[in-house]
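K.L.:
full-length UniProt numbering numbers the first residue of the sequence shown as 1 and each following residue consecutively. C-beta atoms are modelled at their ideal positions from N, C-alpha and C, and glycine is treated no differently.
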Amino acid sequence: MAEQFTEDIGVVNKRLLEPVPFVKTNNCIKDVDADLFIRSYATHLKLHNKITYPKWCTFVKTGKGRKLAPLNEDWYFIRASSILRRLYLHPDIGVGFLRRQFSSKQRRGVAPNHTSLASGKILRSIYNNLETPNHYGIMNSTN
């Protein structure tokens with residue numbers, strides 16, 4: 001009887017060692033890597049013209065503490081997809097919170113650095129673009 005018991009354990013162990021087909025499906029934005037989602041959704045926004053790119057965005061800085069405008073041509077779409085992800089995860093945030101989230105340090109030469117907020121006009125224009133029905137009600141959804 002002890003032999004039978006050990007054989008049963010061996011059979012069970014062999015079953016445990018066999019590879020089990022496992023497919024993980026991503027059900028929501030929380031399951032996807034943030035950088036992967038932001039980059040892919042930014043390309044989706046750009047290719048399908050889901051957001052209108054304002055003319056003034058080619059010359060604008062993203063905050064008071066920045067010296068130059070962004071060098072990446074797709075920065076507006078990347079920022080929009082990042083904001084959309086943040087709004088999906090935390091639907092109660094506003095422009096003031098996002099200004100603090102996208103803030104940077106203002107370098108003042110020899111004087112100590114200070115934190116400078118991001119530009120509010122850019123964030124408000126992205127909010128207005130995301131309120132269109134193209135975004136499946138993510139802006140108006142309650143989680």
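(1) According to DSSP, is N129 helix, strand or coil?
(2) Closest to K55 by CA distance: which of T132, I122, E131 and L36 is it?
(3) Using CA atoms only, rank isn't needed, just tell me which of V110, G109 and T115 is closest to F102.
(4) Can you name the residues that DSSP bridges to A118?
(5) Please classify L45: is it buried, with 16 or more other beta-carbons within 10 angstroms of its beta-carbon, or exposed?
(6) Determine the DSSP secondary structure at P112, reduced to helix, strand or coil.
(7) Buried or exposed: E7, going by 16 or more other Cβ atoms within 10 Å of its Cβ?
(8) According to the Cβ coordinates, are S81 and Y41 closer than 8 Å?
(9) On the CB-based measure, 16 or more other CB atoms within 10 Å of its CB, does A34 come out buried or exposed?
(10) CB I29 to CB R66, shorter than 8 Å?
(11) Based on the DSSP secondary-structure assignment, which residues constitute the bridge partners of S104?
(12) Once you ignore the five residues that flank Q106 on each side, which residues in its own chain have a CB closer than 6 Å to its CB?
(13) Could you check if F5 is buried or exposed, using at least 16 other CB atoms within 10 Å of its CB as the buried criterion?
(14) Run through DSSP, which three-state label would D92 get?
(15) Quick check on I83: does DSSP put it in helix, strand or coil?
P.N.:
Reading off the structure:
(1) Start at 1 with the first residue of the sequence shown, and residue 129 comes out as number 129. In this structure, N129 counts as helix in the three-state DSSP scheme.
(2) As a working note, residue 55 is residue 55 in the sequence shown. Out of T132, I122, E131 and L36, I122 has the C-alpha closest to the C-alpha of K55.
(3) Taking the sequence shown and counting its residues from 1, the one referred to as residue 102 is at position 102. Ranked by Cα distance from F102, the options V110, G109 and T115 are led by T115.
(4) Position 118 of the sequence shown, counted from the first residue, corresponds to residue 118. DSSP lists G63 as partners of A118.
(5) Counting from one through the sequence shown, the residue named residue 45 turns up at place 45. The residue is buried, with at least 16 neighbouring Cβ atoms inside 10 Å.
(6) Working through the sequence shown from its first residue, we reach residue 112 at position 112. Strand, per DSSP.
(7) As a working mapping, residue 7 is identified with position 7 in the sequence shown. Only weak support exists for where E7 lies, its pLDDT of 46 falling under 50; the value from the coordinates is given anyway. Burial call: exposed.
(8) Start at 1 with the first residue of the sequence shown, and residue 81 comes out as number 81. Start at 1 with the first residue of the sequence shown, and residue 41 comes out as number 41. Yes, they are a contact pair.
(9) Walking along the sequence shown from the start, residue 34 turns up at place 34. It counts as exposed.
(10) Walking along the sequence shown from the start, residue 29 turns up at place 29. Walking along the sequence shown from the start, residue 66 turns up at place 66. Cβ atoms of I29 and R66: not closer than 8 Å.
(11) The count along the sequence shown starts at 1 and reaches residue 104 at position 104. According to DSSP, S104 bridges with S116.
(12) On the sequence shown, position 106 is the one that residue 106 refers to. Only G65, H114 and S116 meet the Cβ criterion.
(13) Indexing the sequence shown from 1 puts residue 5 at position 5. Below a pLDDT of 50, predicted positions are generally treated as unreliable, and F5, at 45, falls in that range; no measurement from the model is reported.
(14) Taking the first residue of the sequence shown as position 1, residue 92 is located at position 92. In this structure, D92 counts as coil in the three-state DSSP scheme.
(15) Taking the sequence shown and counting its residues from 1, one reaches residue 83 at position 83. It is helical.
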